[in-house]
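Residue numbers (this note's numbering), protein chains in the order written: chain L, 9 to 196; chain W, 9 to 196.
Ideal placement from N, C-alpha and C gives every residue a C-beta, glycine not left out.
2 protein chains.
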Amino acid sequence: MGRAPSIDEDALLKRLTEVFRRSGYAGASLTDLSSASGLHRASLYHRFPDGKPGMAAAVLDSVERAFGAILEPLNSEDDLSGAVEEMARRVGRFYDDGRLGCVLDTMTLRGAPDDIRARAARLATVWLAAMADVARRAGATPRDADRRARTALVSIEGALVVARVLEDPAEFQLALAGLPRTLLTGSD
Amino acid sequence: MGRAPSIDEDALLKRLTEVFRRSGYAGASLTDLSSASGLHRASLYHRFPDGKPGMAAAVLDSVERAFGAILEPLNSEDDLSGAVEEMARRVGRFYDDGRLGCVLDTMTLRGAPDDIRARAARLATVWLAAMADVARRAGATPRDADRRARTALVSIEGALVVARVLEDPAEFQLALAGLPRTLLTGSD
DNA sequence: GTCTATATTTGGATAGAC
DNA sequence: GTCTATCCAAATATAGAC
């Protein structure tokens, strides 16, 4: 009989996201996803009729929503510095201060379905656009603003990889601390 | 009967490396490895009795040897700038100008055996040490030299991720172009 | 040293009871 | 909406011929 406390959608997505972030698309087995969520395989299929690709898609949707909140401070009209600092804090929380990887990295290896990779690319584009916009408001030319945003994304993604390889989350903290300067002054 | 032209060790490792770089450890199936190498599964097991973990270990060994050659220019006593530029050229070739990923990234997700992850960490450490050494010879304090080396590694790994996600290898070219300044002047 | 099997295990997915 | 049970395909791995 039904025994599980019926995990709610948000908590479920959070657990699944964690697995995909740590293991990548190919490495995230249904066994992993099942034990992380506390739901048996068949229950996961009930929630996600498209199976693992559907779970990955839902995870990317939820990450997109999370980034809506992460990037929201960048909309502030004044105090650009405070806005970027707040974004950095939220990014830090999202990546558990460097202990969790990025879906842009882990879910884009070969083996992941094409639409998953496309979704990841779109997420990157949204993030870049938001950072470029704040750079532009800080006085950068459109071209320079795009460059600053890319530099920022490179430093974050690179720091997450290095933090994982060296098992030293501190590397990620440094990347976050450098964001205001990268985006607002363009010195890199 | 035996039909294969008996691929030599170096070429074999190169093919296997490419698969692991593109697909990650979990995503690299024996079917992939077999078709990439032109050897049937059983033949791969003949060469690597430890199976897939053994193949991955051999791949990391060969990448370590490749880095021996990539980092060799950094030993030059004078013309540090030329030395770093030559290293950057070799790094560019190794990553096929940004079209191939890094084993440090793709082989360190959860699912890879622990000793693979340890080997990757060691490789990162060797690379960092070589870059820090050239920074120190350019006048940096030991502490600053370590920081410059980490910044360089972060920019390379981050650029490879961004290049893959956006399908734009140009991002990687920029990271390479920035190496001399990052390592020799410390402006970042 | 490579091949053609074949064994074994794991992963992805469904059916149907409750 | 979750479960048990099962199916099928794919992945890892081995045996033995050539």
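DSSP state of residue i mapped onto helix, strand, coil
{"i": "R30/L", "result": "helix"}
{"i": "A185/L", "result": "helix"}
{"i": "R118/W", "result": "strand"}
{"i": "R11/L", "result": "Unreliable placement is indicated for R11/L, whose pLDDT of 46 sits below 50; no coordinate value is reported for it."}
{"i": "S195/L", "result": "coil"}
{"i": "D18/W", "result": "helix"}
{"i": "R107/W", "result": "coil"}
{"i": "S45/W", "result": "helix"}
{"i": "E85/L", "result": "coil"}
Residue span of the alpha helix (DSSP H) that contains residue i, given as start and end
{"i": "L136/L", "result": "D122 to R145"}
{"i": "A157/W", "result": "P150 to L174"}
{"i": "S37/W", "result": "From DSSP, S37/W is part of no alpha helix (DSSP H); its letter is neither H nor E."}
{"i": "S89/L", "result": "L88 to F102"}
{"i": "H54/L", "result": "R49 to R55"}
{"i": "P61/L", "result": "G59 to L79"}
Per-residue burial, residue i [other beta carbons within 10 Å of its own, 16 or more giving buried]
{"i": "E26/L", "result": "buried"}
{"i": "P188/W", "result": "buried"}
{"i": "T159/L", "result": "buried"}
{"i": "E17/W", "result": "exposed"}
{"i": "S31/L", "result": "buried"}
{"i": "A34/L", "result": "buried"}
{"i": "S163/W", "result": "buried"}
{"i": "R130/W", "result": "exposed"}
{"i": "R107/L", "result": "exposed"}
{"i": "D196/W", "result": "buried"}
Alpha carbon of residue i to alpha carbon of residue j, nearest angstrom
{"i": "L82/L", "j": "M95/L", "result": "7 angstroms"}
{"i": "D6/W", "j": "A50/L", "result": "Any question about residue 6/W goes unanswered here, given that chain W covers just 9 to 196."}
{"i": "A126/L", "j": "A148/W", "result": "42 angstroms"}
{"i": "V169/L", "j": "C110/W", "result": "10 angstroms"}
{"i": "R29/W", "j": "P150/L", "result": "34 angstroms"}
{"i": "A91/L", "j": "S84/L", "result": "7 angstroms"}
{"i": "A64/L", "j": "V71/W", "result": "31 angstroms"}
{"i": "F75/L", "j": "L182/L", "result": "21 angstroms"}
{"i": "A146/L", "j": "R98/L", "result": "20 angstroms"}
{"i": "G100/W", "j": "D141/W", "result": "20 angstroms"}
{"i": "K22/L", "j": "L41/L", "result": "11 angstroms"}
{"i": "A178/L", "j": "L47/W", "result": "43 angstroms"}
{"i": "S43/L", "j": "A77/W", "result": "44 angstroms"}
{"i": "L136/W", "j": "L161/W", "result": "7 angstroms"}
{"i": "L79/W", "j": "A138/W", "result": "7 angstroms"}
{"i": "R144/W", "j": "A185/W", "result": "20 angstroms"}
{"i": "A36/L", "j": "L24/L", "result": "9 angstroms"}
{"i": "E165/L", "j": "E165/W", "result": "8 angstroms"}
{"i": "L20/L", "j": "Y53/L", "result": "13 angstroms"}
{"i": "R11/W", "j": "S45/W", "result": "Confidence in R11/W is poor, its pLDDT being 46 and thus under 50, which makes the residue's placement too unreliable to answer from."}
{"i": "F102/W", "j": "R73/W", "result": "12 angstroms"}
{"i": "T39/W", "j": "L68/W", "result": "20 angstroms"}
{"i": "M9/W", "j": "A66/W", "result": "For M9/W, the predicted structure reports a pLDDT of 41, less than 50, and the residue's modelled location is therefore unreliable. The matter cannot be settled from this model."}
The ligand SAH heavy atom lying under 7 angstroms from the CB of residue i
{"i": "A137/W", "result": "Absent from the structure shown: the ligand SAH. Ligands present: none."}
Exercise. Count the C-beta pairs between the segment 57-65 of chain L and the segment 53-72 of chain W that are closer than 8 angstroms, then say yes if the count reaches three, no if not.
Key: In short, these stretches do not touch, since the Cβ pair count stays below three.
Self-check item: Cβ contact (3+ pairs, closer than 8 angstroms) linking the segment 108-124 of chain W and the segment 174-194 of chain W
Solution: No, because fewer than three Cβ pairs between the segment 108-124 of chain W and the segment 174-194 of chain W fall closer than 8 angstroms, the two stretches do not touch.
Practice problem: Determine, using beta-carbon pairs with one atom in the segment 172-182 of chain L and one in the segment 170-181 of chain W, whether at least three such pairs fall under 8 angstroms. | Solution: Not touching, per the Cβ criterion.
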